[in-house]
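Chemist: Below you'll find the structure I mean.
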Amino acid sequence: MRLSRNLASVTVAATLLLCLPYDPVPHARVRSAPPAAGQPAVPEQAAAQPFGAACLIHVNGSHVVAHCHNPYVDTDRVRLHIECARWWDIDTDTSPADAGPAATVRLSGRCWKEVGSAWVSHQRPGN
Numbered sequence: 263m264r265l266s267r268n269l270a271s272v273t274v275a276a277t278l279l280l281c282l283p284y285d286p287v288p289h290a291r292v293r294s295a296p297p298a299a300g301q302p303a304v305p306e307q308a309a310a311q312p313f314g315a316a317c318l319i320h321v322n323g324s325h326v327v328a329h330c331h332n333p334y335v336d337t338d339r340v341r342l343h344i345e346c347a348r349w350w351d352i353d354t355d356t357s358p359a360d361a362g363p364a365a366t367v368r369l370s371g372r373c374w375k376e377v378g379s380a381w382v383s384h385q386r387p388g389n
């Protein structure tokens with residue numbers, strides 16, 4: 263009886279988490295401050311253009327693979343960052359790869375033991 267109550271509460275919690283809304287493009291660019299002195303201002307048209315590749319990250323043991331697809335016109339320079347779970351394990355960052363318009367790039371890396379976290383950073387070329 264006790265096991266079925268615990269299983270029911272876990273099932274309800276998992277269902278509620280799956281129903282939560284989410285933003286599929288969390289890296290959307292939002293300007294919150296004016297440019298610093300000596301830096302050129304970004305035109306409003308360029309700031310309003312969509313930017314950023316959509317990346318799927320797969321962790322299999324100590325190996326990490328990210329596939330990033332850029333559906334937009336502007337090139338997105340992507341890098342995979344891997345933080346290892348063990349304090350003595352070396353964290354890694356891949357070299358930048360340019361995801362051109364309608365292109366998909368593959369990034370990979372690994373830890374010696376377990377992977378703590380992995381994420382992809384995005385940058386406009388020339389910045």
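Quick note: the sequence shown uses the numbering used here, first residue 263, plus one each step.
Ideal Cβ positions, reconstructed from N, Cα and C, are used throughout, including at glycine.
Checking the sheet assignment: what are the DSSP bridge partners for R341?
Modeler: S383, per the DSSP bridge assignment.
Chemist: For G314, which three-state DSSP category applies?
Modeler: DSSP places G314 in coil when its eight states are reduced to three.
Chemist: If R372 and P358 are in contact, beta carbons under 8 Å, what's the gap, nearest whole angstrom?
Modeler: At roughly 18 Å, the Cβ-Cβ gap does not stay under 8 Å, so R372 and P358 are not in contact.
Chemist: With T356 as the anchor, note down where its beta strand (DSSP E) starts and where it stops.
Modeler: That residue, T356, is in no beta strand (DSSP E); it is neither H nor E in DSSP.
Chemist: Pairing CB atoms from the segment 310–320 with CB atoms from the segment 346–356, are three or more of them under 8 Å?
Modeler: No contact exists between the segment 310–320 and the segment 346–356.
Chemist: Secondary structure at S370, three-state DSSP: helix, strand or coil?
Modeler: DSSP places S370 in strand when its eight states are reduced to three.
Chemist: Go through its chain and collect everything with a Cβ distance to E376's Cβ below 6 Å, but skip five positions before and after it.
Modeler: Result list for E376: A347, in chain order.
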